[in-house]
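Visitor: Next up is a structure, given as structure tokens.
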């Protein structure tokens, strides 16, 4: 393994041998509807609560990813997972019956990138197979962070719509991956672990502004660490900055790093919904946003050969309802994963 | 790296080159009072809220551990940390000003063992220096999981007292550790990542019963994987099973594995308080319990040579206030770390 700045380059890049992105009805009606492995028209998934619906959805994503990789849960050496619910119970209840060694992680909306980063170090150390994933659900998140849906609260223009979705990916050590998987599976060649960045944003309805500084820092540092420029990538994808956060990201990268990523940048929060038609204000958000987009649209298009080099940078706002009510700022974080075909 | 079952044996065991355990007033009055690096007589730590007090305490533990290891935050390649507060904000606010690449983890009371396990894979893959830690605070936890202190709720006999405490350890790759550190620092030679274990316990005031099955499974499997017996260890330490959970652990290990660990077993939740004098019912609990005991008493006594081989197994109850109110069971998890001198 080599290291430059906070960027690590792996000797044994993990292969993504299976993946699945699943989503709810509203996400299914958006521009990426055809890409998801399944769309749940009934977002309660037949469960007694939206919390359990989120777990059922995440469970489904893992089962599909395992099936896609053609391996059993018993072959997985560790599963790394997180969500937005208190005490990460979304992941716990999703995974408990699958009997895989469990590593709970929390990176808010950056969780998919966080688990991918973490898994790569396990693979580099010699671990064979790691499953990763993340989820969010609009209804459980609204209750968690704002108000139950029944309250009918109004949303501000900068507010984002928490995605009902989940993604899972199965990573394997190239030393044990089959020849077929080595041939076609995208690999993670480098990762960058982010540092908490706090510019004092306090508006809990403006996650994009809270996360943009961290995204700018991680992307800027990654490009500097690797000595690359934006056009070296097919795509630089952020997690869920939305409209407001994306504008800020462009400004910050220009001002602080003299970098312009506009030509190759997409944001999962802007890809998953049609902002004009779907009334989601500033775009999508939540762990499940970048997780479901990566594990469906992005990885599908890497496998087909449309994209060959993607810098996936998921961003997270590190706050709780309590910290916001107590008037504290919302620090952001962003982790980057370089995926190559 | 070798693997047997879910147990991993490292080629480059991480060295614990610095550590600190800090605690509150009540913990300071307990049997381990003299071992802590500092005791906060004012458990508000001069902050406006108990949540911020927890963050300040955890921040203090990290600063002391870094100082003890004689390294700066800038030398740390990644910090892995977690707590019991919603959205892990205890860790986020504790660490944001230290500017270390941040990996948020959640394992409930097992978090200290979880971060240690995780750090070892990073070190094995070639990362140089990793900081780990965990915290809990009685007053922030009561508000989080039960009722604010002002409510004056009565506690059941099986209830445990959440420890006001934090622990931090600095792990270094032997390839870069100084000769002095290599000589005297304890090392982590093996880890075992636990699997979620759910036997259907639903009593949120009986964490010990919820966690004991996971502890029995992880310890039993570890001993089988390593082909060792309890008397091969100076100590087998569990996180915070308390009185009720410890009795259950003995029963389950006997019944399911035919193993008796009584002679070498201690529980951090029973070590940190005097159950007869301190009115803590079934003992201590919380991430900060095993974190503060490991990073003070246990590691102090390894460095002095009193203990040479400790199996540290922290246990966690994977529930949230919402999941309990919705009538769901409380799955448990336990991760093991073998620390040798």
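Residue numbers (this note's numbering), protein chains in the order written: chain A, 14 to 354; chain B, 14 to 354. Cβ atoms here follow ideal geometry from the backbone N, Cα and C, with glycine treated the same way.
1. Please list, in chain order, all residues of the same chain as residue 332/A whose beta carbon is under 6 Å from its beta carbon, the five residues on each side excluded.
2. Using a cut-off of 7 Å between C-beta atoms, extract the partners of residue 176/B located in chain A.
3. Within this structure, are the beta carbons of residue 194/A and residue 82/A separated by less than 9 Å?
4. Within the continuous beta strand (DSSP E) that includes residue 38/B, where are the two ends?
5. Relative to chain B, which residues along the region 126-139 of chain A have a C-beta separation below 7 Å, given in chain order?
6. Applying the 10 Å Cβ sphere with the 16-neighbour rule, what's the burial state of residue 87/B?
7. Identify whether residue 258/B lies in helix, strand or coil by the three-state DSSP scheme.
8. Leaving out five residues on either side along the sequence, give the residues of the same chain with a beta carbon under 6 Å from the beta carbon of residue 270/A.
9. What distance in whole Å lies between the Cβ atoms of residue 347/B and residue 123/B, which are believed to be in contact at a cut-off of 8 Å?
10. Any Cβ of chain B within less than 9 Å of the Cβ of residue 16/A?
11. Tell me the residue span of the beta strand (DSSP E) that contains residue 147/A.
12. Count the other C-beta atoms from every protein chain shown that fall within 10 angstroms of the C-beta of residue 325/A, then say buried if there are 16 or more, exposed otherwise.
13. Report the rounded CA-to-CA distance for residue 60/B versus residue 339/A, giving the unit in angstroms.
14. Compare the Cα-Cα distances from residue 317/A to each of 289/A, 97/A, 341/A, 353/A and report the closest residue.
15. Taking residue 120/B as the query, report the chain A residues whose CB atoms sit under 7 Å from its CB, ordered along the chain.
16. Please list, in chain order, the residues of the region 329-347 of chain A that have any C-beta partner in chain B closer than 8 Å.
17. Whole-angstrom Cβ separation of residue 170/A and residue 72/A, contact assumed at under 8 Å?
18. Please classify residue 312/B: is it buried, with 16 or more other beta-carbons within 10 angstroms of its beta-carbon, or exposed?
19. Please name the residue, chosen from 98/B, 207/B, 32/B, 80/B, that lies closest to residue 228/B on a Cα-to-Cα basis.
20. For residue 157/B, tell me which candidate among 51/B, 334/B, 349/B, 351/B has the shortest Cα-Cα distance.
21. Kindly provide the ranges of any beta strand (DSSP E) runs that are 3 or more residues long and lie completely inside the region 86-115 of chain B, ordered along the chain.
22. Given 8 Å as the limit, is there contact between the region 236-243 of chain B and the region 207-219 of chain B, that is, 3 or more CB pairs closer than that?
23. Which residues, in order along the region 202-213 of chain B, keep a beta-carbon less than 9 Å from a beta-carbon of chain A?
24. Mind listing the chain A neighbours of residue 108/B? Cutoff is C-beta to C-beta under 7 Å, in chain order.
25. Buried or exposed for residue 85/B, please, with buried defined as at least 16 other CB atoms from any protein chain shown within 10 angstroms of its CB.
26. To the nearest angstrom, how far is it from the Cα of residue 197/B to the Cα of residue 36/A?
27. Which runs of the beta strand (DSSP E) at least 3 residues long sit entirely within the region 316-340 of chain B? Give them in chain order.
28. Report the start-end ranges of each alpha helix (DSSP H) in the region 204-261 of chain A that is 4 residues or longer and not cut off at the edges.
29. Please check the pair residue 128/A and residue 299/A, which I expect to be a contact at CB under 8 Å, by giving their CB distance rounded to whole angstroms.
30. Excluding the 5 residues preceding and the 5 following residue 230/B in the sequence, name in chain order all residues of the same chain whose CB lies nearer than 6 Å to its CB.
31. For residue 184/B versus residue 29/B, is the C-beta spacing smaller than 9 Å?
32. Within 10 angstroms of the Cβ of residue 160/B, are there 16 or more other Cβ atoms? Answer buried if so, exposed if not.
33. For chain A, check one thing: does any of its Cβ atoms lie closer than 9 Å to the Cβ of residue 220/B?
34. Could you name the residues of chain A that residue 112/B contacts, counting a contact when the two beta carbons are closer than 7 Å?
35. On a CA-only basis, which of 31/A, 330/A, 32/A, 54/A is nearest residue 41/A? Give me that one, please.
36. As a quick exercise: from 113/A, 131/A, 218/A, 32/A, pick the residue whose alpha carbon is nearest that of residue 89/A.
Guide: In terms of the structure at hand:
1. 343
2. Under the 7 Å cutoff, chain A gives no residues; its nearest Cβ is about 18 Å from residue 176/B.
3. yes
4. First-last for residue 38/B: 38-41, but that is the alpha helix (DSSP H), not the beta strand (DSSP E).
5. 127, 131, 134, 135, 137, 138, 139
6. Its Cβ having fewer than 16 others within 10 Å, residue 87/B is exposed.
7. Residue state, collapsed to three classes: helix.
8. 233
9. 6 Å
10. yes
11. 142-149
12. Answer is buried; the Cβ neighbour count reaches 16.
13. 12 Å
14. Selected option, being the one with the closest Cα: 353/A.
15. Per Cβ cutoff of 7 Å: 117.
16. Within the region 329-347 of chain A, the qualifying residues are 331, 332, 333, 334, 335, 336, 339, 341, 344, 346.
17. Taking C-beta atoms under 8 Å as the contact rule, residue 170/A and residue 72/A fail to qualify, at a distance of about 35 Å.
18. buried
19. 207/B
20. Of the candidates 51/B, 334/B, 349/B, 351/B, the one whose C-alpha sits nearest the C-alpha of residue 157/B is 334/B.
21. 91-96
22. Taking one beta carbon from each stretch, the region 236-243 of chain B and the region 207-219 of chain B have fewer than 3 pairs nearer than 8 Å; the two do not touch.
23. Answer in chain order: 205, 206, 207, 208, 209, 210, 211.
24. 209
25. exposed
26. 53 Å
27. Complete beta strand (DSSP E) runs here, min 3: 322-330.
28. 220-239
29. About 15 Å separates the two Cβ atoms, so there is no contact after all.
30. 210
31. yes
32. exposed
33. With 9 Å as the cut-off, residue 220/B does not count as an interface residue toward chain A.
34. 208
35. 54/A
36. 113/A
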